[in-house]
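The structure under discussion appears below in the form of structure tokens.
2 protein chains.
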Amino acid sequence: MKLYTFHRSSASFRVRIALNLKGLPYESLPVHLSRNGGEQNLPAFKSVNPQGLVPVLIDDEGHSMNQSLAILEYLEETCPQAALLPSNPVDRARVRSLALMIACEIHPLNNLRVLHYVTGELGVTEEQKNTWYKHWVELGLTQLEQRLSQEPQTGRFCHGDTPTFADCCLVPQIFNAKRFECDLSNVPTVMRIFDHCMEHEAFIAARPERQIDAS
Amino acid sequence: MKLYTFHRSSASFRVRIALNLKGLPYESLPVHLSRNGGEQNLPAFKSVNPQGLVPVLIDDEGHSMNQSLAILEYLEETCPQAALLPSNPVDRARVRSLALMIACEIHPLNNLRVLHYVTGELGVTEEQKNTWYKHWVELGLTQLEQRLSQEPQTGRFCHGDTPTFADCCLVPQIFNAKRFECDLSNVPTVMRIFDHCMEHEAFIAARPERQIDAS
């Protein structure tokens, strides 16, 4: 398989973790989101994904897929081991809802194109932009903390004692939050799970600075 | 089953469509997002969902689930007919990625809490807020149009000739876009599919103005 990826892209990071957890080898095809005016906007990549977003997974039959959570579901369906979703539908719903809390409520407000719009079109100051960033991350992570600390299904990972889609989404979000110096002191359960994930080779090997395009 | 819902909430609307398409009866429990300072913030609802977001589905065994796309997956797994995902994993990935383009790239930037922050904390004008809204909707729908008009899997619905998760997400987004008077003249394939959906009773019965809390 081939993965169009950018080392700092959270969505690419999610897929790299899932591929590693399943032990699936893949070739990294880097797309640098801030070099050359954004390589995602060049014709070469637009022909792969007209939306201009990474990640894009090309499977062994040449099928092209985008949207990180759709790719995770595809990997789960075609390569069930190691399972990244529990077997029970109610538990599966819990894992997916934790993943979506990150993918729909936190991350979309803080990606590059939105931050550019906030400073460019809305003309807010650098400080307001950072406040915006921290607001959505800290709000989202606090709500995640509330669930993870109170729901009995939480284990060493977000759901039980093996990694799931939720952990694939959580880890990249924390990397981002640290880069923007968000306050993480109020989310001890989130950080306990993050630290546990980062002891595992599948997560370590997916880190931004371990990618071939890390500068 | 019971559904905590708000008539104008796009995420609730998605779930109402899916329940109707599968012929599953449910009781609507309205949570008015702008009355009483936002009923989602009252203790009565916070005990149901500490995140304060609708929809929440309570299944017949009393399990509580949130995040609309996680609920759709749960319904698909527990009540496979009518199928809202194709059977082939590559096609399923396509449907999910279309749904996620709406759920992750368009909708999160335009919900109430974000619009409040933009006018409140960032202090932008009403006009800038409307420009913000239209920017993300029109950009996202243009990208969706590009895919739907070019990919051969598109049929009378987003994928083939029966409704899927993608249509459950598309219809509420168009309702919202119309409410904010977005320009929809450049997305003819999107609108052709929308019009086709709105001929079906499952979609019609899920419309905001057909809900018991519509004012």
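Those protein sequence lines, which keep their order, are chains A and B.
Mind the numbering: the first sequence is residues 1 to 215 in full-length UniProt numbering, read in order.
Mind the numbering: the second sequence is residues 1 to 215 in full-length UniProt numbering, read in order.
Using N, Cα and C, we set each Cβ at its ideal position, and we do this for glycine too.
Return yes when the Cβ of residue j is within less than 8 Å of the Cβ of residue i, no when it is not.
i             : j      : result
T5/A          : Q173/A : no
M65/A         : V54/A  : no
A93/A         : Y74/B  : yes
R14/A         : C168/A : yes
K2/A          : L21/A  : no
R156/A        : L98/A  : no
M101/B        : G140/B : yes
T119/A        : K134/A : no
T164/B        : L85/B  : yes
V137/A        : C182/A : yes
residue 295/A : E127/A : Outside the displayed span of chain A (1 to 215) sits residue 295/A, for which this structure offers no information.
V114/A        : A166/A : no
Using DSSP with H/G/I as helix, E/B as strand and the rest coil, what is residue i?
i      : result
T131/B : helix
Y117/A : helix
L3/A   : strand
V90/A  : helix
Pick out whichever of the options has its Cα sitting closest to the Cα of residue i.
i             : options                       : result
F175/B        : F157/B, Q40/B, D195/B         : D195/B
I193/B        : Y133/B, C158/B, P43/B, F165/B : C158/B
Q51/A         : Q143/B, S215/B, C168/B        : Q143/B
H107/A        : D161/A, N186/A, Q40/A, V171/A : V171/A
Q67/A         : V124/B, C104/B, S12/B         : C104/B
Q81/B         : M198/B, A166/B, T162/B        : T162/B
residue 229/A : A70/A, K46/A, A83/A           : Chain A is shown only over 1 to 215; residue 229/A falls outside these bounds and no answer can be derived.
P89/B         : Y117/A, P89/A, L115/A, D59/A  : D59/A
S10/A         : K178/A, W132/A, L42/A, V124/A : K178/A
Is there a C-beta anywhere in chain B that falls below 8 Å from the one on residue i?
i             : result
H116/A        : no
H63/A         : yes
E201/A        : no
V31/A         : no
P163/A        : no
E105/A        : yes
residue 238/A : Not covered by the structure: residue 238/A. The range shown for chain A is 1 to 215.
Taking Cβ positions only, does residue i come closer than 8 Å to chain A?
i      : result
L148/B : no
I174/B : no
M101/B : yes
N66/B  : yes
V190/B : no
E71/B  : Correcting the residue type first, residue 71/B is Ile in the shown sequence and not Glu. Yes, because at least one Cβ of chain A sits closer than 8 Å to the Cβ of I71/B.
A93/B  : yes
E77/B  : yes
V15/B  : no
Would you mind giving the Cβ-Cβ distance between residue i and residue j, rounded to the nearest angstrom? I have them listed as a contact below 8 Å.
i             : j      : result
A206/A        : R8/A   : A206/A to R8/A, Cβ: 12 Å. No contact.
residue 221/B : L122/A : This structure does not reach residue 221/B, given that chain B is present from 1 up to 215, and the question cannot be answered.
D213/A        : H63/A  : Their Cβ separation, rounded to whole angstroms, is 24 Å, which puts D213/A and H63/A out of contact at 8 Å.
D91/A         : Q153/A : 7 Å
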